[in-house]
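Engineer: Quick note, the sequence shown lines up with residues -19 to -1, 1 to 212 if you use mature numbering (1 follows the signal peptide of the UniProt record, and there is no 0).
Cβ coordinates follow ideal geometry from the N, Cα and C atoms, glycine included.
Model, not experiment: these values are computed from the prediction.
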Amino acid sequence: MLAVALVAVITVLWWVCSSWREAVCGRGAALLPGVRAPLLLIAHPDDECMFFAPTILTLVQGQRPLSVLCCSTGNYYNQGEMRKRELVQSCAALGIAPSDVTLIDHSDLPDSPTVKWDERLLSSLILHHIKEKNVDLVITFDESGVSGHSNHISLYRAIRSLHSSGQLPEGCSVLLLESVNIFRKYISVLDLPLSRFSGPDVLVISSGSQYQQGKVTLPLLHRCMYIAKYG
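#1: Spatial neighbours of residue 84 within its chain, please: C-beta separation below 7 Å, excluding the five flanking residues on both sides.
#2: Just to check my reading of the structure: residue 45 and residue 19 have Cβ atoms closer than 8 Å, yes? What is that Cβ distance to the nearest angstrom?
#3: I want to see whether chain B comes within less than 8 Å of residue 132, judged by CB atoms only; does it?
#4: Would residue 122 be called buried (16 or more neighbouring beta carbons within 10 Å of its own) or exposed?
#5: Where do the N-terminal and C-terminal ends of the beta strand (DSSP E) with residue 21 fall, by residue?
#6: Considering only C-alpha positions, which residue in the set 17, 112, 58 and 136 is nearest to residue 148?
#7: Closest to residue 127 by CA distance: which of 156, 103, 161 and 89 is it?
#8: Residue 21: buried (16+ other C-beta within 10 angstroms of its C-beta) or exposed?
#9: Starting from the C-beta of residue 191, find all residues in its chain whose C-beta is less than 6 Å away, skip the five residues before and the five after it, and write them out in chain order.
#10: Beta-carbon within less than 8 Å of residue 96's beta-carbon, same chain only, minus the 5 sequence neighbours each way: which residues are those?
#11: Using 8 Å for Cβ pairs, my map puts residue 198 next to residue 74. What's the rounded Cβ distance?
#12: Just grab the DSSP bridge partners of residue 52 for me.
#13: Taking DSSP as the reference, what is the three-state secondary structure of residue 32?
#14: Under three-state DSSP, which class holds residue 198?
#15: Are residue 118 and residue 13 closer than 8 Å when you measure CB to CB?
#16: Return the chain-ordered list of same chain residues with a C-beta closer than 6 Å to the C-beta of residue 104, the five sequence neighbours on each side being excluded.
#17: Would you identify the three-state DSSP class for residue 191, choosing helix, strand or coil?
#18: Quick check: the Cα distance between residue 41 and residue 145, rounded to an integer number of angstroms?
#19: Residue 175 and residue 165 look like a contact to me (Cβ under 8 Å); what is the Cβ gap, rounded to whole Å?
#20: Taking the alpha-carbon positions, what's the residue 82 to residue 49 distance?
#21: If we count the other Cβ atoms within 10 Å of its Cβ and call it buried at 16 or more, is residue 135 buried or exposed?
#22: Please classify residue 41: does DSSP put it in a helix, a strand, or coil?
#23: Is the Cβ-Cβ distance between residue 30 and residue 71 less than 8 Å?
#24: Between the Cα of residue 61 and the Cα atoms of 76, 87, 43 and 36, which residue gives the shortest distance?
#25: Got a sec? Which residues, its chain only, sit under 7 Å from residue 98 by beta carbon, not counting five neighbours each side?
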């Protein structure tokens, strides 16, 4: 009986959370009012859809001219050239024009979970891009890098250094994708109440169609990573 009751409670909670999601999602036009030139700062090709697809789709829906700066070719498996192409294709599928995608190919910024990127070099490259594109919002990883990847954390440290030292242009803000524990990562819409009331500055909620769009982008357009990791 207890098991039946538990299943019933979870089912009802799932339905309530799903209904709430559909009611409040997709408010792209109302997200980040006043932002003119947001920049998504990522470490590797596939970060854009693996971690930031909901944000991208919501901003694109709100007609924000989002651009992407990827700080490595993702050459960990010696497939950097293929991953460059896949990044552009993935961004296009999510609504970002190829002309708005910039990829840094620097020998001192290798795709490696064990390498801490040089903070001074990285900060310099990021700041140059921000100024060149007149960026007024940077979206990137937080201090835990969501997955704990060293390169993700390096991006956080570089942008934190620019922010704390006052080097970011006036009016340029920063938003960090919050890392959560593994339980919260995999409970889908059941995490909505926790996310809603934990007090984030911005909460992006995908619609069912946006979720499906983001879900299919990774395996379809980043095939070399699936082959390298799981083939």
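Structural biologist: Reading off the structure:
#1: Numbered from 1 along the sequence shown, position 103 holds the residue referred to as residue 84. Excluding sequence neighbours, residue 84 sits near 51, 54, 65 and 68.
#2: Working through the sequence shown from its first residue, we reach residue 45 at position 64. Working through the sequence shown from its first residue, we reach residue 19 at position 38. Confirmed, Cβ separation roughly 6 Å.
#3: The structure shown contains no chain B; it is built from a single protein chain.
#4: In the sequence shown, residue 122 corresponds to position 141, counting from 1. Label assigned to residue 122: buried.
#5: Taking the first residue of the sequence shown as position 1, residue 21 is located at position 40. Start and end: 19 to 23.
#6: Taking the first residue of the sequence shown as 1, we reach residue 148 at position 167. When each option's Cα is compared against that of residue 148, the closest is 112.
#7: Numbered from its first residue, the sequence shown carries residue 127 at position 146. Per the C-alpha coordinates, the member of 156, 103, 161 and 89 positioned closest to residue 127 is 161.
#8: If you number the sequence shown from 1, residue 21 lands on position 40. Looking at its Cβ environment, which holds 16 or more other Cβ atoms inside 10 Å, residue 21 is buried.
#9: Counting from 1 along the sequence shown, the entry for residue 191 is found at position 210. Taken in chain order, the residues that qualify are 38.
#10: Taking the sequence shown and counting its residues from 1, one reaches residue 96 at position 115. Leaving aside the five residues that flank residue 96 on each side, the residues in its chain whose CB is nearer than 8 Å to its CB run, in chain order, 131 and 132.
#11: As a first step, residue 198 is located in the sequence shown; it is residue number 217 there, counting from the start. As a first step, residue 74 is located in the sequence shown; it is residue number 93 there, counting from the start. Under the criterion of beta carbons closer than 8 Å, residue 198 and residue 74 qualify as touching, at roughly 5 Å.
#12: Along the sequence shown, read from residue 1 onward, the residue named residue 52 stands at position 71. DSSP lists no partner for residue 52.
#13: Taking the first residue of the sequence shown as position 1, residue 32 is located at position 51. The DSSP-derived three-state label of residue 32 is coil.
#14: Along the sequence shown, one-based indexing puts residue 198 at 217. Assigned with DSSP and collapsed to three states, residue 198 falls in helix.
#15: The residue labelled residue 118 in the question sits at position 137 within the sequence shown. The residue labelled residue 13 in the question sits at position 32 within the sequence shown. For residue 118 and residue 13, yes; Cβs fall inside 8 Å.
#16: One-based indexing of the sequence shown puts residue 104 at position 123. Correct list, in chain order: 139, 142 and 143.
#17: Sequence index remark: in the sequence shown, residue 191 carries index 210 (1-based). In this structure, residue 191 counts as helix in the three-state DSSP scheme.
#18: For the purposes of this step, residue 41 is identified with residue 60 of the sequence shown, where counting begins at 1. For the purposes of this step, residue 145 is identified with residue 164 of the sequence shown, where counting begins at 1. Their backbone Cα atoms lie some 29 Å apart in a straight line.
#19: For the purposes of this step, residue 175 is taken as residue 194 along the sequence shown, with counting starting at 1. For the purposes of this step, residue 165 is taken as residue 184 along the sequence shown, with counting starting at 1. About 6 Å separates the CB atoms of residue 175 and residue 165; that is less than 8 Å, so the two are in contact.
#20: Position 101 of the sequence shown, counted from the start, is the residue given in the question as residue 82. Position 68 of the sequence shown, counted from the start, is the residue given in the question as residue 49. Computed Cα separation, rounded: 5 Å.
#21: Numbered from its first residue, the sequence shown carries residue 135 at position 154. Buried, by the Cβ-count rule.
#22: Within the sequence shown, numbered from 1, the residue matching residue 41 stands at position 60. DSSP places residue 41 in helix when its eight states are reduced to three.
#23: As a working note, residue 30 is residue 49 in the sequence shown. As a working note, residue 71 is residue 90 in the sequence shown. It is a contact, given that the beta carbons lie within the stated cut-off.
#24: Position 80 of the sequence shown, counted from the first residue, corresponds to residue 61. Out of 76, 87, 43 and 36, the CA that lies nearest to the CA of residue 61 is found in 87.
#25: Against the sequence shown, residue 98 aligns to sequence position 117. Cβ within range, chain order: 90, 132 and 135.
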